[in-house]
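Colleague:
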Amino acid sequence: MWRLKFIIANLLLLALFFPPSGKTAVAPVGQLPSVSASATPSAFILPILLLNDLEEWKDFGLQVNLKIYNNSGQQMDGLLGNEWEVAVMDPFSAVKGGNDGEVAIVGLAGDFSSQVSSPFSKKTYPQALRILQNGFISRVASAKSKDLIPAFLVASASYADTRKTLVLRWLEGYSRGIRVVQEDYTRATARLQKFYQETGKLEVGSKLLEEEIRKAFRLTEKEREDLFGPREGKPNSIAVFAEAMTHYQTKMKVLENRRAPEEYILAKIGDQLTALRKEAESQLKKTQDSIEEAEKTGVEVKKFRQTWEEAQRKIQEGRGYLTVIGILSDLQRSAEQAQAANIRLKKFRHIELSIGGMLIIYYAGYFIHRKNSRKGGRGNRSG
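Numbering (numbering that gives the first Met the number 0), first residue to last: 0 to 382.
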């Protein structure tokens, strides 16, 4: 009976010190939300293509379905037909769509003036080319102090209103794609050559394409973000550009509706991306501290460190801040649970040793008492 009681007591102690822990479910790639992204043939399609090639869109919690349109007119028709949710768009169409209430501008893809020499330019961007030919240049403050005609990242107005998180993921992924382009212009050039061959049966020299790509993506991430930032109470550079473009379109009688730039330029989404990066870096430090504390209590942390180092690389490469924050939060919780379990285990072992010691003392006393009782019994019988 005493053995049964001892086993039950141990089981109760185990339940007390080692409660069951839940596991976070991870959605398979096939269950990730899907977004349709549109573009016309140009260098600005590269970030999407390269992330597709690298299978990195899943790092941003997205599946991206790419839709190619021959020109901006077809692209706008596709928007009206609900064929896509997000896009890379020329400045003429983006600002007109914003004033018409159909498009929300959420980010900057790069310098659109790079497309003047594009083999698709005359077919794809007639309005924008006319703007350039008519001398429309808006000086936009940038670290490189050069004239800039922005190519925009946009979302349909309804999608930007109802699916802000997915728009943020799209913006974050495209930014990562720009970084991939800038890391290896030779690879980017080869990919754009392949695209032009497949799309337009065009053979374009690598030197010309690389010049186009370098100019299109000449701005750093910080420079792109700064263009949407406030300037001492004055409108930001993108808003100034949108006002100038709106004035031009009204003068050219291609625009009837007119809205304030802040109504369709959603600079706050870009601000959220900056905040996410800072939050990811903060979470990285907190998780590192938790791992180190767990190690001090004797926890084996090798696998924890491997996951932490992979998360660190993803932050440095801009590979999905939202996803990385989730990974690090789970990792921090696991490290803290392992630390608590290790502490409970040590306490349990102390209790187990104490109980064992008490049992040893008890049974030692019992056997001594029994032995003495037997000796006393034999003495009485002999007497």
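Just so you know, even glycine gets a beta-carbon here, dropped at the ideal spot from N, CA and C.
Return the first residue and the last residue of the beta strand (DSSP E) that Leu65 is part of.
Modeller: That run of the beta strand (DSSP E) goes 62–67.
Colleague: Fully enclosed by the segment 144–174, which beta strand (DSSP E) runs are 3 residues long or longer?
Modeller: DSSP runs (the beta strand (DSSP E)) wholly in the segment 144–174: 149–155.
Colleague: For Val153, count the other beta carbons within 10 Å of its own beta carbon; 16 or more makes it buried, fewer makes it exposed. Which is it?
Modeller: With 16 or more other Cβ atoms within 10 Å, it is buried.
Colleague: Starting from Ser236, trace the beta strand (DSSP E) both ways and give me its first and last residue.
Modeller: Element bounds for Ser236: not the beta strand (DSSP E) but the alpha helix (DSSP H), 236–250.
Colleague: Taking the beta carbon of Ser205 as the centre, do at least 16 other beta carbons fall within 10 Å, making it buried, or is it exposed?
Modeller: By the neighbour-count rule (16 or more Cβ atoms within 10 Å), Ser205 is not buried but exposed.
Colleague: Looking at chain B, is there any beta carbon in it that lies within less than 8 Å of the beta carbon of Ile212?
Modeller: The structure shown contains no chain B, having only a single protein chain.
Colleague: Label Asp58 either buried or exposed according to how many other C-beta atoms from any shown protein chain fall within 10 Å of its C-beta, with 16 as the threshold for buried.
Modeller: The residue is buried, with at least 16 neighbouring Cβ atoms inside 10 Å.
Colleague: Terminal residues of the continuous beta strand (DSSP E) containing Leu107?
Modeller: Run containing Leu107: 102–110, per the beta strand (DSSP E) assignment.
Colleague: Between the C-alpha atoms of Lys95 and Gly72, what's the straight-line distance to the nearest angstrom?
Modeller: For Lys95 and Gly72, the distance between alpha carbons rounds to 12 Å.
Colleague: Starting from the Cα of Trp397, find the closest Cα among Tyr173, Glu202, Arg332, Ala215 and give me that residue.
Modeller: The shown model of the chain, from 0 to 382, leaves out residue 397, and the question about it has no answer.
Colleague: Taking the DSSP output, what are the residues bridged to Ile264?
Modeller: DSSP, once it has assigned bridges, lists Ile104 as partnering Ile264.
Colleague: Whose C-beta lies closer than 6 Å to the C-beta of Thr306 among residues of the same chain, with five residues either side of it excluded?
Modeller: Counting only Cβ-Cβ distances below 6 Å, and skipping sequence neighbours, we find Leu330.
Colleague: Apply the 10 Å Cβ neighbour rule to Val253 and answer buried if 16 or more other Cβ atoms are within range, or exposed otherwise.
Modeller: Exposed.
Colleague: For Arg138, is the classification buried or exposed, using 16 other Cβ atoms within 10 angstroms of its Cβ as the cut-off for buried?
Modeller: With a pLDDT of only 44 at Arg138, under 50, the local geometry of the prediction cannot be trusted, and the value read off the model is given with reservation. Its Cβ having fewer than 16 others within 10 Å, Arg138 is exposed.
Colleague: According to DSSP, Met88 sits in a beta bridge with which residue or residues?
Modeller: According to DSSP, Met88 bridges with Phe151.
Colleague: Using only alpha-carbon positions, find the residue among Phe194, Val34, Lys277 that is nearest to Asn81.
Modeller: Here the closest residue by C-alpha is Val34.
Colleague: What's the C-alpha gap between Ile67 and Ser157?
Modeller: Using only the alpha carbons, I get a separation of about 21 Å.
Colleague: Give me the residue from Leu107, Ile314, Ala243 with the minimum Cα distance to Thr219.
Modeller: With distances taken between Cα atoms, Thr219 lies closest to Leu107.
Colleague: Relative to the C-alpha of Lys284, which candidate in Glu294, Leu272, Ala310, Gly269 has its C-alpha closest?
Modeller: Out of Glu294, Leu272, Ala310, Gly269, Ala310 has the C-alpha closest to the C-alpha of Lys284.
Colleague: Compute the Euclidean distance between the alpha carbons of Glu171 and Gly100, then round it to the nearest angstrom.
Modeller: Computed Cα separation, rounded: 24 Å.
Colleague: By Cβ distance below 8 Å, which residues in the same chain neighbour Asn98 in space, the five residues on each side in sequence not counted?
Modeller: Correct list, in chain order: Thr245, Gln248, Leu254, Asn256, Arg257, Arg258, Tyr263.
Colleague: Could you check whether Ala238 and Glu261 sit closer than 8 Å to each other, using their CB atoms as the reference points?
Modeller: Yes, the pair counts as a contact, with Cβ atoms nearer than the cut-off.
Colleague: Where do the ends of the beta strand (DSSP E) carrying Ser35 lie?
Modeller: Residues 33–38.
Colleague: Thinking Val298 and Asn341 are a contact (beta carbons under 8 Å), I'd like their distance in whole angstroms, please.
Modeller: Yes, they are in contact, since the Cβ atoms of Val298 and Asn341 sit about 5 Å apart, within 8 Å.
Colleague: Identify whether Lys301 lies in helix, strand or coil by the three-state DSSP scheme.
Modeller: Helix, per DSSP.
Colleague: Please classify Ser41: does DSSP put it in a helix, a strand, or coil?
Modeller: If DSSP states are grouped into helix, strand and coil, Ser41 belongs with coil.
Colleague: Taking Leu79 as part of the alpha helix (DSSP H), name the residues at either end of that continuous run.
Modeller: Residues 71–79.
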